[in-house]
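6 protein chains.
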Amino acid sequence: MGTGKVGADHPYLHAPHGGMPLRDDPQPRRHSPPALHPAVVPAYPPPESDADESWVWSQIKAEARRDADAEPALASFLYATVLSHSSLDRSLAFHLANKLCSSTLLSTLLYDLFVASLAAHPTLRAAVVADLLAARSRDPACAGFSHCLLNYKGFLAIQAQRVAHVLWAQDRRALALALQSRVAEVFAVDIHPAAAIGKGVLLDHATGVVIGETAVIGDNVSILHHVTLGGTGKAVGDRHPKIGDGVLIGAGATILGNVRIGAGAKIGAGSLVLIDVPPRTTAVGNPARLLGGKKGDDMPGESMDHTSFIQQWSDYSI
Amino acid sequence: MGTGKVGADHPYLHAPHGGMPLRDDPQPRRHSPPALHPAVVPAYPPPESDADESWVWSQIKAEARRDADAEPALASFLYATVLSHSSLDRSLAFHLANKLCSSTLLSTLLYDLFVASLAAHPTLRAAVVADLLAARSRDPACAGFSHCLLNYKGFLAIQAQRVAHVLWAQDRRALALALQSRVAEVFAVDIHPAAAIGKGVLLDHATGVVIGETAVIGDNVSILHHVTLGGTGKAVGDRHPKIGDGVLIGAGATILGNVRIGAGAKIGAGSLVLIDVPPRTTAVGNPARLLGGKKGDDMPGESMDHTSFIQQWSDYSI
Amino acid sequence: MGTGKVGADHPYLHAPHGGMPLRDDPQPRRHSPPALHPAVVPAYPPPESDADESWVWSQIKAEARRDADAEPALASFLYATVLSHSSLDRSLAFHLANKLCSSTLLSTLLYDLFVASLAAHPTLRAAVVADLLAARSRDPACAGFSHCLLNYKGFLAIQAQRVAHVLWAQDRRALALALQSRVAEVFAVDIHPAAAIGKGVLLDHATGVVIGETAVIGDNVSILHHVTLGGTGKAVGDRHPKIGDGVLIGAGATILGNVRIGAGAKIGAGSLVLIDVPPRTTAVGNPARLLGGKKGDDMPGESMDHTSFIQQWSDYSI
Amino acid sequence: MGTGKVGADHPYLHAPHGGMPLRDDPQPRRHSPPALHPAVVPAYPPPESDADESWVWSQIKAEARRDADAEPALASFLYATVLSHSSLDRSLAFHLANKLCSSTLLSTLLYDLFVASLAAHPTLRAAVVADLLAARSRDPACAGFSHCLLNYKGFLAIQAQRVAHVLWAQDRRALALALQSRVAEVFAVDIHPAAAIGKGVLLDHATGVVIGETAVIGDNVSILHHVTLGGTGKAVGDRHPKIGDGVLIGAGATILGNVRIGAGAKIGAGSLVLIDVPPRTTAVGNPARLLGGKKGDDMPGESMDHTSFIQQWSDYSI
Amino acid sequence: MGTGKVGADHPYLHAPHGGMPLRDDPQPRRHSPPALHPAVVPAYPPPESDADESWVWSQIKAEARRDADAEPALASFLYATVLSHSSLDRSLAFHLANKLCSSTLLSTLLYDLFVASLAAHPTLRAAVVADLLAARSRDPACAGFSHCLLNYKGFLAIQAQRVAHVLWAQDRRALALALQSRVAEVFAVDIHPAAAIGKGVLLDHATGVVIGETAVIGDNVSILHHVTLGGTGKAVGDRHPKIGDGVLIGAGATILGNVRIGAGAKIGAGSLVLIDVPPRTTAVGNPARLLGGKKGDDMPGESMDHTSFIQQWSDYSI
Amino acid sequence: MGTGKVGADHPYLHAPHGGMPLRDDPQPRRHSPPALHPAVVPAYPPPESDADESWVWSQIKAEARRDADAEPALASFLYATVLSHSSLDRSLAFHLANKLCSSTLLSTLLYDLFVASLAAHPTLRAAVVADLLAARSRDPACAGFSHCLLNYKGFLAIQAQRVAHVLWAQDRRALALALQSRVAEVFAVDIHPAAAIGKGVLLDHATGVVIGETAVIGDNVSILHHVTLGGTGKAVGDRHPKIGDGVLIGAGATILGNVRIGAGAKIGAGSLVLIDVPPRTTAVGNPARLLGGKKGDDMPGESMDHTSFIQQWSDYSI
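Residue numbers (this note's numbering), protein chains in the order written: chain A, 1 to 318; chain B, 1 to 318; chain C, 1 to 318; chain D, 1 to 318; chain E, 1 to 318; chain F, 1 to 318.
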């Protein structure tokens, strides 16, 4: 977790650059992000390369074209949402605008907002791609990139939150909160616009996820449904959990307070966590107890560590 | 659980024909389904008889006509959804189509799909009737069949999933997944199209229910809100729970992995279940411990057993 | 809890007049409601004074005007929902009608219903104001009254339920249940119309809250998301929890059966509560154990007691 | 034409009180309006009596109930538009609001506006009744009052214009013009809000009718489709036709300039009229020539005169 | 005009079987309808052959597929309206339902109605095909069958009227009038449901067309915009024009009264016709004068006569 | 009329550069367009100067802000359509998209199309400004630029047609025809995409206007409602009228065939014109006869001529 908010020196959070920066960072990153393990996603180009977005977009269009040909009843939907658009970010902006609009918040207004935000912030677009790769590689039920883009409400909720996060940083708070509210109603996912969320994040199923204002989530985190990252005690200020890179949080887990969940930790389903969890440690139960480091993790290299999490990740996936 | 998927020889799952078959079964069933106990639903005709559908439909129309007369503000809604239709399946198709449509997935398309699916698959229509009888007999807050048909999002989510299940079996997967997505957004109920669901199933309150791809649910099962039937460990393949006939799963329970919950078992609210649960056994806690067989269940006949579950069912109902 | 349903003589529930009466009470209340502690809401006028509604409404309009000026993209929304209306109850009626309408339940019908109900029942309007004050004073993420009015689905769900409660008491049950159904779909909050809910209640985040038919909730209660107040055992009759004044219920807590949660009690996040909880006592765990009275609460005056809860409330807030 | 705008002393326009007054007139009218001839509408109570509105409303409800019983496919529509409402003006306000709303002009806003305007201005309500009686008695294709209320776009356009006229008189011009615009789009009827329109007016078929800013139309006038009451010559000021009581204007007729069409005159279909037309005179042709007074009109009593117009009216009706 | 209404013995109207019969005619027609002249539509199969519907439908799908490939922005629309449907009548029913629906008349209801009507009445489907062939062969601006099916409001208005005509004949008058009303609003075309309309009819541009209750229109008639077929004189009864086969009526023409326009006659643009017009005669002017038979029409065979009209038809087309 | 289509050498059509070019013209125009006469629009900056668009846009915003302040009921509409937009073309694109969208042609798609077209074609934006100035200066009922932008369906129909014209020129004909169809339905104005329309054109009232495929309309033309520019005789090819600069066409006039209406001519209301009309000549009647040149037009300078037309224009305005 490299954001200043969390503290790069904290021993639990040593992944170099997690979190979603409030502004695009022109400086080169010192540590390249851990690549997805080749055994898991062997056919993919290196994540975050320049070619990623166009490659993923070409895959999405190919999938949509295949589905439109095979299923006439869905062809209109697929052309409207994917095949009539010139780029991934326009397709996403269109789809989000139609999902989140209401009788008092028109789709054209939201479409404009999403198109402009994605165009102005390359990091938002890179996060879209990373999240799509994450869902595709980690969720065995994910039938394709287009399946995630069109149907995963966790994916859509995060993309809308990232736009809301940019608005929040620009002090356009009323609009950011209105977006949060629509996402909470439409997707039943309630993430405060101020929360910082890294790349390659998967919200699987997503119903009922609640993430508080000062929460920070690293890169390559996977969060199941009904998970709460809540506050405790302080009326104002930094009061929500900090989640390190590569963490997996099982369904229904509740993490409260400004605690640190170290990189590569795993939180069991249904756990109640009120304390820090060291890196590569598993916490289970209500209240949670720590199970210590995992076997074979004594000297985990960054990338290895991540892939081991990913392999174990499916323990609680469905 | 009599479906081949679960294994009829498994000692936990000996109810003869649970689960929703992927295709209509022309063969006569060897075991007749256990009737609802007369003490619970004394005024009802025998369930699953040929006359059921028309009887339930006549009840629904009578209720709707009574409510339309008493409440002018609701009359338009009741005529549109119930009283203008010639049959239960057309009423349901209309109602589901209007609930699940979006600006990119038109109501006429969905209506066509639901009408055609219900017409082609008598088992879908029989399951609609059985689910209505289940809600009416088990839920003390159920004010009538029309109340369930129109207002229970769990009921509506299951009917839509059964149509998606048929599409999945016909290899129309993109459309099946699109339906799943709309159900997850509109009802906050996320059931994979491949999951097999029996008849007489009640999803009470239903918000937050998540059921994975290879899950199987028997007949006459009752599931409260926030219940997860999730996966664990295997990246692909058979990885979700198998729920026997007559099982009751309390609010917020999480069952993970390819475990077997035996017929007539009861899972306590908030439990985390990672192991098999024998028939007629109660599991409670996080992680769950087994409480053994229930008193008076030593020699449960099929029908008795079911009614005893139903009587106990309300332990966790609200 | 002063409603007859709960019993004013019950030792756990001695707050004088919680709950939402089924009909407007023309008699003067014997005990004035406990004021919010000045240390928490120092700038507010005395709650429930006659001037409250107009003061809060003037604040909401000022906030909306400020936001409309600062954010052109939101101005249309703010004028439609707030600035074009002559009173708080018309603004709320408009907003709720547009949120809850569907293709078969038109917004004009709902608007008519909400306007008429709020006009006829001053207690409904007073409760709106009290709930807005509660959110503003207790939730550190609440950016203003207008933020709560427009964006908090818990707030909106409660206001709709209170109208449904009035309809239920008038024996307009079909309409009341249709409202419940729409609230459950749109906000993922499922509260039976018969449940009695006091004033100054905060449903924070709100997703997944389920409250049963015979539940009673006192004044100044705070309930986090995923909380269930469910039934157990009895097929019909009084079967749901009674929540005293000033109680705090943490995220994901499940309270089942006709148990009494005493005034000022606190239920920990993720707890499963099947027994009575005495006043000013904390219950945690699955199943819950009692932690006894809190320090400094030996002689709690009503108002002190409330403020102590409110100060501690944020233990589980996010 | 008794309005001051037209000049009661003008020989062509001696009907005592045509036109729609800008404000409710508390003074008693000196001349009672000419009653509809009993031979034409024998079963009707005297027009403009106090009982008219309730009698017409009871007829409409009886017709709607009969149609709803006979035609289930229309029952929802009839309950929504007629049978769920407590009065004629609420039914009309609802129907107009749903017709004229758009994605940027919400139905609830328009409903509010129409309800408030009809409640505040008894003359608007009286004109609604008079127009319904006019359509019922003069149009042989009119199947009932409800047919006119629900389906006649000329009727609906006039009622909306009368509300816009009130707004115009209150100097709420932007809203009045927005209403005009919606009426012009939805009904293809373009009437300036400032135009004064009497009671008992029938716009039959109505498509393409255009009526300019300073036009005045008397009572009991019948106007077919494609009729223009346009201006000529003066850039500003009084520049449009004045139509006397009981005038009939055939399909496609064009009347331009501040000319006076005398009471009881008849303008042939397709005529172009640029000059005054004396009372009880027929004008036909392009440009129009006058055919002189009609036989038997030497001593026309007011009511006789009207009924003779009405009998002849159908010359160009369809 | 062979319908009994008009009188087959009338010398002006000797085309054998014009008009739309109220019920499907099981008897073989004595005279086959005049074929479209090969010089005009050389590539078309013989009209009204059994293969027509499938041939036209295959053309429409080919055009839509070509356009969807060439124009991604329109692909979603084309798949929704054409390419996802299994037959021409389902495509038309879907398109009409979405055009004519309103907030109180739902698209699913209309879709059901149109699908059922077209399925039950082969003559309706045959008329759809004949009208498409008419537009394609006569209108030089018609870019294809799909252009007419999707974009010609005259075509769509007639198809809706034919369904309303069937409803009227079944004494379902309230629904028939509701359809008329929606067509009048949406397409600005006002045709009474009782009017009988033949096959191969073209309403070009169509805005402002008004056709009265007892009007009858033969086969292969072409009518431009702003045309009125209105009534005169009789309060009730047969009071509207009868239009023979192959007649052409120019833009803005007004024909009033129960007059007969003979087969093959031509009515000039802007004419006012109050008298019978013999076959193969041209009427022009206000009021109209007759120009006598056309050269070369001394001995017109039926089919020749029709094609000569069709060749001359474009005199007033645009 | 300087477009090649019409022929710059034709004596009737000597205005230098009317019509809407199919593509932006990079070459400097040899003749500057005739300025609006100062006596008519004294306060306006010179038309077509670079500052026009920003000046008009600032006026529109000022008017909208004034109206929003004065009329809360309209404020939401004005913010959505005008005040939330950064430029005139975005406001227009938003407004048109919301007017012309349907359930199968989404507003976001149309918005995208209009934004892109207006951005790519400066001549489209210049024509928007010229048309606004034309309405403001010529129509005495025009209450402001915003009144025209928001409420004039003739203005909106022309702007949509100009975009369709660009699409037609790019051989995107299916989309162009779909736009034409929506405009014909929504505004009852039917203009073929191939028709070439100049700048400063006013369609007043606009209902029922029909303009054919090969019609050409010069600059500063005013056309009233129900006007037809139709074809005659030729099945294909150049078959519609050519309208010179500064022509005024009265309500209901019908002009048929490839005739030339010379610059500054005036066509009387209800006229039927089948022949050429020389410049500065008036044609009236059915069929039309020519009235010769106007007094004082013997030596009309271009700009004088225009203003004389504009002064006379209101002869038939309403």
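A virtual CB, placed ideally from N, CA and C, is assigned to each residue, including glycine.
If we ignore side chains and look at the alpha-carbon of each, how far apart do E:Ala253 and D:Ala253 end up?
-> 12 Å
In this structure, does DSSP put D:Thr282 in helix, strand or coil?
-> strand
Excluding sequence positions up to five away, which residues of its chain have a Cβ less than 6 Å from the Cβ of F:Thr207?
-> Ala188, His225
Following the continuous alpha helix (DSSP H) through C:Ile158, name the residue where it begins and the one where it ends.
-> 153 to 169
DSSP three-state call for A:Arg172: helix, strand or coil?
-> coil
Taking 8 Å as the threshold, find out whether the region 77 to 87 of chain A comes into contact with the region 153 to 162 of chain A through three or more Cβ pairs.
-> no
Length at least 3, wholly inside the region 180 to 245 of chain E: the beta strand (DSSP E) runs in chain order | 228 to 230
By a C-beta neighbour count over all protein chains shown, 10 Å radius and 16 as the cutoff for buried, is B:Pro193 buried or exposed?
-> buried
Listing by chain order, which chain F residues have their CB less than 8 Å from the CB of D:Leu290?
-> Chain F residues near D:Leu290: none, gap ~17 Å exceeds 8 Å.
Check each residue of the region 253 to 274 of chain A: if its Cβ is closer than 9 Å to any Cβ of chain D, include it; give the result in chain order.
-> none
Would you kindly work out how many angstroms separate the C-alpha atoms of D:Gly144 and D:Ser87, rounded to a whole number?
-> 17 Å
Go ahead and pull the three-state DSSP assignment for D:Leu291.
-> strand
Please classify C:Thr104: does DSSP put it in a helix, a strand, or coil?
-> coil
7 Å Cβ cutoff, A:Ala73 in contact with chain E = yes
Helix, strand or coil for B:Val247, going by three-state DSSP, please let me know.
-> coil
Is B:Val128 helix, strand or coil when you go by DSSP?
-> helix
Would you grab the beta carbon distance between C:Val209 and C:Val227 for me? Rounded to a whole angstrom, and I think it's under 8 Å.
-> 5 Å
Could you spell out the range, first to last residue, of the beta strand (DSSP E) harbouring E:Leu274?
-> It is not in any beta strand (DSSP E) - E:Leu274 carries neither H nor E in the DSSP assignment.
Leaving out five residues on either side along the sequence, give the residues of the same chain with a beta carbon under 7 Å from the beta carbon of A:Leu272.
-> Thr254, Asn286, Pro287, Ala288
is_contact[E:Asn98, chain F] using C-beta, thresh 7 Å = yes
Residue span of the beta strand (DSSP E) that contains D:Leu256, given as start and end = 254 to 256
Whole angstroms is fine: what's the gap from B:Asp89's alpha carbon to E:Leu177's?
-> 29 Å
Thinking B:Asn319 and C:Ser181 are a contact (beta carbons under 8 Å), I'd like their distance in whole angstroms, please.
-> Nothing can be reported for residue 319 of chain B, as the shown portion of chain B is limited to 1 through 318.
Compare the C-beta of D:Glu63 with all C-beta atoms of chain F and state if any pair is closer than 7 Å.
-> no
Would you mind listing the alpha helix (DSSP H) stretches within the region 76 to 101 of chain D that are 4+ residues and don't spill past its ends, in chain order?
-> 88 to 100
Starting from A:Glu71 and walking both ways along the alpha helix (DSSP H), at which residues does that stretch end?
-> Run containing A:Glu71: none; DSSP gives neither H nor E here.
Alpha carbon to alpha carbon, how far is F:Ile249 from F:Pro26? Give it in angstroms, no decimals.
-> Its pLDDT being 37, under 50, F:Pro26 is placed unreliably in this model, and the coordinates cannot settle the point.
Check each residue of the region 105 to 117 of chain A: if its Cβ is closer than 8 Å to any Cβ of chain F, include it; give the result in chain order.
-> Leu106, Ser107, Thr108, Leu109, Tyr111, Asp112
Whose C-beta lies closer than 6 Å to the C-beta of C:Gly270 among residues of the same chain, with five residues either side of it excluded?
-> Gly252
Write down the C-beta distance between E:Ala75 and A:Ser84 rounded to the nearest angstrom, noting that I regard them as a contact closer than 8 Å.
-> 6 Å
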